[in-house]
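K.L.:
Shown below is the structure under consideration.
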Amino acid sequence: MKRIYETDSYIKELKTVVTASGTDDGGRHYIELDDTIFFPQEGGQNADTGELLLCGTDKRVLVLDGIISGRNKCSSSVHGGQGSSQAGTEGIRIRYIVSEPLPAGTEVVCKLDWGPRFDRMQNHTGEHILSGLMHKRFGVDNVGFHLSDNGPVTVDFNKQIRYEQVMEVQDEANRVIWANLPVKVSFPASEELKEIDYRSKIEIDGQVRLISIGEEAKIDICACCAPHVALTGETGLLKILSVVNWKGGIRVSMLCGRRALEYINREHDLISNLAKSMSTEAVNVPGIVDSYREEIINLKSELAGLKEKNLLEEACRERVIFTDDNIPAPVMKNIYNALTERYDGFVGIFAGNDESGYRYNAGSRDLDSRDLAAKLKDAFSARGGGSPEMIQGKVTAGKEDIYRLFAGMGEK
Ligand SMILES: [Zn+2]
Numbered sequence: 404m405k406r407i408y409e410t411d412s413y414i415k416e417l418k419t420v421v422t423a424s425g426t427d428d429g430g431r432h433y434i435e436l437d438d439t440i441f442f443p444q445e446g447g448q449n450a451d452t453g454e455l456l457l458c459g460t461d462k463r464v465l466v467l468d469g470i471i472s473g474r475n476k477c478s479s480s481v482h483g484g485q486g487s488s489q490a491g492t493e494g495i496r497i498r499y500i501v502s503e504p505l506p507a508g509t510e511v512v513c514k515l516d517w518g519p520r521f522d523r524m525q526n527h528t529g530e531h532i533l534s535g536l537m538h539k540r541f542g543v544d545n546v547g548f549h550l551s552d553n554g555p556v557t558v559d560f561n562k563q564i565r566y567e568q569v570m571e572v573q574d575e576a577n578r579v580i581w582a583n584l585p586v587k588v589s590f591p592a593s594e595e596l597k598e599i600d601y602r603s604k605i606e607i608d609g610q611v612r613l614i615s616i617g618e619e620a621k622i623d624i625c626a627c628c629a630p631h632v633a634l635t636g637e638t639g640l641l642k643i644l645s646v647v648n649w650k651g652g653i654r655v656s657m658l659c660g661r662r663a664l665e666y667i668n669r670e671h672d673l674i675s676n677l678a679k680s681m682s683t684e685a686v687n688v689p690g691i692v693d694s695y696r697e698e699i700i701n702l703k704s705e706l707a708g709l710k711e712k713n714l715l716e717e718a719c720r721e722r723v724i725f726t727d728d729n730i731p732a733p734v735m736k737n738i739y740n741a742l743t744e745r746y747d748g749f750v751g752i753f754a755g756n757d758e759s760g761y762r763y764n765a766g767s768r769d770l771d772s773r774d775l776a777a778k779l780k781d782a783f784s785a786r787g788g789g790s791p792e793m794i795q796g797k798v799t800a801g802k803e804d805i806y807r808l809f810a811g812m813g814e815k
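Start counting the sequence shown at 404; every next residue gets the next number (our numbering).
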């Protein structure tokens, strides 16, 4: 079987023959092909999809997935894996999951879903450019790579590099893209390979596939089995989205090509619509948000002052007061002090509601407040405690039941 995508990633159509077929353990129909242009799922990258046109008919069968077997253990990643369509690949098989059964011997024309494939080629090549430059500049290695079809591409590096430094590499990566440098595939003989200093170098049997970027591999050279673009310019654009600490190193999220443009369009629409709703230019949005924040803080403190004033007035009429949960602890304490100044016996302020419960400050200036804590605990399994002067805690009970408990203590 020739894996044509390894030598030419631009072949979108190929006539070939089904060499085997069957049903897997999950009940899915699968086939194997004589030669193939469909990259299987490998090392964090999804398989190509497409369709098979049955020769001499107008029937079409969908290719839904591709699963490779027979690689050695290092091919758990696309980088450093064994990858060649020539030598050392006996035993490697690819099963393609198809939409309906097809007998061996069927002649078919493979048609690749080019959109998703080219999108992965753009992002995958971008990852090589970024990893190559990071390696050259900081000596860090790419130790994890995930190219999901939704969401960002993530690349993990084994050393902590500051965000600003990664952003400098982003600039350099885009200069490499705009220089439209060649991305070449090679299959060096094992003797020659020993002399080459490439990323993801590991001892494996069989043929290694190298991807080099730039004349004389000046930008990068790395072992890899996936399809890439032929010129860096096709990557379009490389945008770093975030840099976070990750297992002692960093995880960089990025996007290239069409996906980078879509991301930037989304962000641009978001900020533009926000600016429009504020009747301003996008550049003014951060300043306006800051002024809103300040205004909210001022209004909140004004509201708290008014609330406290109301509650203090209520404290002149009621010894047990209920309010909503939006009241700071120091204000609760002030109200409690006002209540004890006005009344003998047990008093209390409860902030919250019947469903989620109430925070409370309660007690008495002439009786032992802890007796009240015991009563609240007995009646409602209330949490909390305190001193003879004041108790505080949390209780989940109905307002009326709490009133009744105070009345039962002869104070309401
Ligand atoms: Zn690669």
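The beta carbon of each residue, even a glycine, is placed where N, CA and C say it ideally should be.
Owing to the predicted nature of the structure, the values given are computational and were not obtained by experimental measurement.
With three or more beta-carbon pairs closer than 8 Å as the criterion, would you say the region 681-690 touches the region 654-667?
P.N.:
no
K.L.:
Check whether the region 495-514 touches the region 430-445, counting contact only when three or more Cβ pairs, one atom from each stretch, lie closer than 8 Å.
P.N.:
yes
K.L.:
Would you identify the three-state DSSP class for residue 599, choosing helix, strand or coil?
P.N.:
What you label residue 599 is simply residue 196 of the sequence shown in a count that begins at 1. Coil, per DSSP.
K.L.:
Quick check on DSSP: helix, strand or coil for residue 574?
P.N.:
Mapped onto the sequence shown, residue 574 falls at position 171. If DSSP states are grouped into helix, strand and coil, residue 574 belongs with the helices.
K.L.:
Is residue 482 near ligand 1, judged by its Cβ being under 7 Å from some heavy atom?
P.N.:
Counting from one through the sequence shown, the residue named residue 482 turns up at place 79. Result yes, Cβ under 7 Å from ligand 1.
K.L.:
Please work out which residues of its chain come closer than 7 Å, Cβ to Cβ, to residue 518, disregarding the five sequence neighbours upstream and downstream, and give them in chain order.
P.N.:
For the purposes of this step, residue 518 is taken as the residue at position 115 of the sequence shown. So no residue of the chain qualifies.
K.L.:
Which residue from 473, 638 and 451 puts its Cα closest to that of residue 552?
P.N.:
If you number the sequence shown from 1, residue 552 lands on position 149. Out of 473, 638 and 451, 451 has the C-alpha closest to the C-alpha of residue 552.
K.L.:
Measure how close the beta-carbons of residue 398 and residue 742 come, nearest whole angstrom, since I'm counting them as under 8 Å.
P.N.:
Residue 398 lies beyond the stretch modelled for the chain, which goes from 404 to 815, so this question has no answer here.
K.L.:
Who pairs with residue 657 in a beta bridge, going by DSSP?
P.N.:
Here residue 657 refers to the residue found at position 254 of the sequence shown. Residue 657 pairs with 556 and 643.
K.L.:
Which runs of the alpha helix (DSSP H), 4 residues or longer, sit entirely within the region 673-729?
P.N.:
688-717
K.L.:
Is the Cβ-Cβ distance between residue 748 and residue 765 less than 8 Å?
P.N.:
Here residue 748 refers to the residue found at position 345 of the sequence shown. Here residue 765 refers to the residue found at position 362 of the sequence shown. No, the Cβ-Cβ distance between residue 748 and residue 765 is not below 8 Å.
K.L.:
Using 7 Å as the cut-off, classify the Cβ of residue 527 as near or not near the heavy atoms of ligand 1, replying yes or no.
P.N.:
Within the sequence shown, numbered from 1, the residue matching residue 527 stands at position 124. A heavy atom of ligand 1 is found nearer than 7 Å to the CB of residue 527.
K.L.:
Can you tell me whether residue 413 is helix, strand or coil according to DSSP?
P.N.:
Start at 1 with the first residue of the sequence shown, and residue 413 comes out as number 10. Coil, per DSSP.
K.L.:
Spell out the partners DSSP gives residue 468 in its beta bridges.
P.N.:
In the sequence shown, the residue the question calls residue 468 occupies position 65. Residue pairing by DSSP places residue 468 opposite 500 in a beta bridge.
K.L.:
Within 8 Å, do at least three Cβ pairs link the region 636-649 to the region 421-428?
P.N.:
no
K.L.:
Could you give the DSSP three-state label for residue 631: helix, strand or coil?
P.N.:
Residue numbering aside, residue 631 sits at position 228 when the sequence shown is read from its first letter. Coil, per DSSP.
K.L.:
With distance defined between alpha-carbon atoms, name the residue in 801, 597 and 510 nearest to residue 758.
P.N.:
For the purposes of this step, residue 758 is taken as residue 355 along the sequence shown, with counting starting at 1. When only C-alpha atoms are compared, the closest one is 801.
K.L.:
Mapping DSSP to helix, strand and coil, what is residue 752?
P.N.:
Position 349 of the sequence shown, counting from 1, holds the residue named residue 752. Residue 752: strand per DSSP, three-state reduction.
K.L.:
Touch check for the region 519-538 and the region 458-471: three-plus C-beta pairs under 8 Å?
P.N.:
no
K.L.:
Which of helix, strand or coil does DSSP assign to residue 421?
P.N.:
Reading the sequence shown from its first residue, position 18 is the one you call residue 421. Three-state result, residue 421: strand.
K.L.:
Report the rounded CA-to-CA distance for residue 419 versus residue 506, giving the unit in angstroms.
P.N.:
Taking the first residue of the sequence shown as 1, we reach residue 419 at position 16. Taking the first residue of the sequence shown as 1, we reach residue 506 at position 103. Taking the straight line joining both Cα atoms gives about 13 Å.
K.L.:
In the structure shown, what three-state DSSP assignment does residue 777 receive?
P.N.:
Residue numbering aside, residue 777 sits at position 374 when the sequence shown is read from its first letter. In this structure, DSSP gives residue 777 a helical state, which the three-state scheme calls helix.
K.L.:
If you count every other CB in all the chains shown that lies within 10 Å of the CB of residue 476, and 16 or more means buried, which is it?
P.N.:
If you number the sequence shown from 1, residue 476 lands on position 73. Its pLDDT being 39, under 50, residue 476 is placed unreliably by the model, and nothing is read from it.
K.L.:
Are residue 616 and residue 584 close, meaning C-beta to C-beta below 8 Å?
P.N.:
What you label residue 616 is simply residue 213 of the sequence shown in a count that begins at 1. What you label residue 584 is simply residue 181 of the sequence shown in a count that begins at 1. The answer is yes: Cβ separation under 8 Å.
K.L.:
Excluding sequence positions up to five away, which residues of its chain have a Cβ less than 7 Å from the Cβ of residue 575?
P.N.:
Taking the sequence shown and counting its residues from 1, one reaches residue 575 at position 172. Cβ within range, chain order: 536.
K.L.:
If you check the beta carbons only, do residue 548 and residue 562 fall under 8 Å apart?
P.N.:
Taking the sequence shown and counting its residues from 1, the one referred to as residue 548 is at position 145. Taking the sequence shown and counting its residues from 1, the one referred to as residue 562 is at position 159. In this structure, residue 562 does not lie closer than 8 Å to residue 548 by Cβ.
K.L.:
Which residue from 728, 737 and 543 puts its Cα closest to that of residue 603?
P.N.:
The residue given as residue 603 occupies position 200 in the sequence shown. Nearest option by C-alpha distance: 543.
K.L.:
I need the straight-line Cα distance from residue 821 to residue 772, nearest angstrom please.
P.N.:
Residue 821 is absent from the model: the chain starts at 404 and stops at 815.
K.L.:
With distances taken from CA atoms, which of 456, 756 and 630 is nearest residue 528?
P.N.:
For the purposes of this step, residue 528 is taken as residue 125 along the sequence shown, with counting starting at 1. The shortest Cα separation from residue 528 among 456, 756 and 630 belongs to 630.
K.L.:
From this set, 512, 412 and 708, which residue's C-alpha is nearest residue 457's C-alpha?
P.N.:
In the sequence shown, residue 457 corresponds to position 54, counting from 1. If we check each option's Cα against that of residue 457, 512 comes out closest.
K.L.:
To the nearest angstrom, report how far apart residue 621 and residue 586 are at their CA atoms.
P.N.:
Start at 1 with the first residue of the sequence shown, and residue 621 comes out as number 218. Start at 1 with the first residue of the sequence shown, and residue 586 comes out as number 183. Taking the straight line from one Cα to the other gives about 11 Å.
K.L.:
Using the C-alpha atoms, what's the distance from residue 685 back to residue 708?
P.N.:
Counted from its first residue, the sequence shown places residue 708 at position 305. Counted from its first residue, the sequence shown places residue 685 at position 282. Distance between the alpha carbons of residue 708 and residue 685 is about 35 Å.
K.L.:
Note the first and the last residue of the continuous alpha helix (DSSP H) segment covering residue 763.
P.N.:
Stepping through the sequence shown from its first residue, residue 763 is reached at position 360. Residue 763: not part of any alpha helix (DSSP H); member of the beta strand (DSSP E) spanning 760-766, first to last residue.
K.L.:
Could you tell me if the beta carbon of residue 614 falls within a distance shorter than 7 Å of some heavy atom in ligand 1?
P.N.:
Within the sequence shown, numbered from 1, the residue matching residue 614 stands at position 211. Yes, Cβ of residue 614 sits closer than 7 Å to a heavy atom of ligand 1.
K.L.:
Identify the continuous alpha helix (DSSP H) that holds residue 445 and give its terminal residues.
P.N.:
On the sequence shown, residue 445 is found 42 positions in, with the first residue counted as 1. Premise fails: residue 445 is in no alpha helix (DSSP H) and is neither H nor E.
K.L.:
What are the start and end residues of the alpha helix (DSSP H) that includes residue 529?
P.N.:
Walking along the sequence shown from the start, residue 529 turns up at place 126. Residue 529 -> alpha helix (DSSP H) spans 517-541.
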